[in-house]
Amino acid sequence: MNCAEFRDLLNPFLDSELEVEQNVACLKHVELCTACAARAEHERALLTKLVGATRAPLSDAARAELFAGVFARVDAEDSARGKGGGWRRWALACAASVLLALGGAWFVHADPLCLWGCTTLDLLLQAQARMEDSPQTLDEVEQLIHRQVECPELVGSEVSGCQALVSEGCPCHPLVRYSLPDTDEVCFVALPGGHGHVGQERLLPDGRRYFVGAQAGLRFVGWRRPDGALAVCMPKAESPMPDEKLYVLAAALRGP
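Just so we're aligned: the sequence shown equals residues 0 to 255 in numbering that gives the first Met the number 0.
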């Protein structure tokens with residue numbers, strides 16, 4: 000195997016997608032060629048960082064390092080092949096920017112772009128619909144979910160009841176409803192597998208970052224809790240509640 004052949008097989012080699020014979024040939028080549036061995040190691044490190052970028056927030060320095068590594072690879076390949084790489088740099092920039100933007104987001108899950116539907120949005124729409132139903136008692140919901148219902152304190156309000164959201168066929172997310180003095184109502188729900196989307200993050204008046212959404216007929220304010228769950232405060236579907244009041248209620252439910 001020569002160096003050009005190794006370069007063509009590098010990605011499937013690193014992804015363990017080669018047939019046994021080709022894989023053995025690549026292993027032998029990197030033992031004999033220090034340049035290709037260094038290239039393979041650099042590529043493996045870059046891929047590891049890029050995958051990690053979709054699981055945790057990135058600093059500006061780390062983001063710049065990833066972009067530099069990606070484009071260095073394109074330049075090296077184009078130089079070796081004697082081809083212009085302008086279009087490839089542009090295409091790779093688009094792909095990398097999506098991945099890095101997602102890596103800088105506050106959540107990542109199996110389908111980060113929600114191309115197959117948003118499970119969190121589905122649960123929030125379910126929560127909005129359940130707020131129109133007659134509430135159950137905390138005891139009733141605790142019997143359904145087999146654990147204690149968490150009720151954050153909300154000064155000046157009363158817990159008016161609870162409901163259990165159904166996920167994967169199982170009632171497992173308690174929805175706590177609060178009655179406000181002006182006869183309005185908000186709910187609180189914590190979703191261990193919940194996530195938000197790029198562009199929803201906002202700095203609210205209390206100086207902390209929240210995730211503010213207004214889509215599909217619902218409004219919500221969410222935040223990431225220390226345990227990793229997405230906590231959400233939201234009003235009823237047709238509530239005239241001003242956004243500013245919703246922000247205050249969310250901050251109160253979030254606590255200090």
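Using N, Cα and C, we set each Cβ at its ideal position, and we do this for glycine too.
- Annotation: C32 is outside any beta strand (DSSP E) and is labelled neither H nor E by DSSP.
- Judged by pairs of C-beta atoms under 8 Å, the region 190 to 208 touches the region 115 to 126, as three or more such pairs exist.
- Q147 is classed as exposed because its beta carbon has fewer than 16 other beta carbons within 10 Å across all chains shown.
- Apart from sequence neighbours up to five positions away, the residues of its chain that approach Q199 with a beta-carbon distance below 7 Å are F210, V211, G212, ordered along the chain.
- C232: member of the beta strand (DSSP E) spanning 229 to 234, first to last residue.
- Between P134 and S159, the CB-CB gap stays under 7 Å.
- E42 has its alpha-carbon roughly 60 Å from the corresponding atom of T182.
- Considering only E149, R38, A251, the residue with the shortest C-alpha distance to R207 is A251.
- In the three-state reduction of the DSSP assignment, L174 falls in the strand class, which pools E and B.
- Comparing alpha carbon positions, the residue from A228, C161, G254, A249 closest to Q142 is C161.
- Per DSSP, reduced to three states, the secondary structure at R129 is helical.
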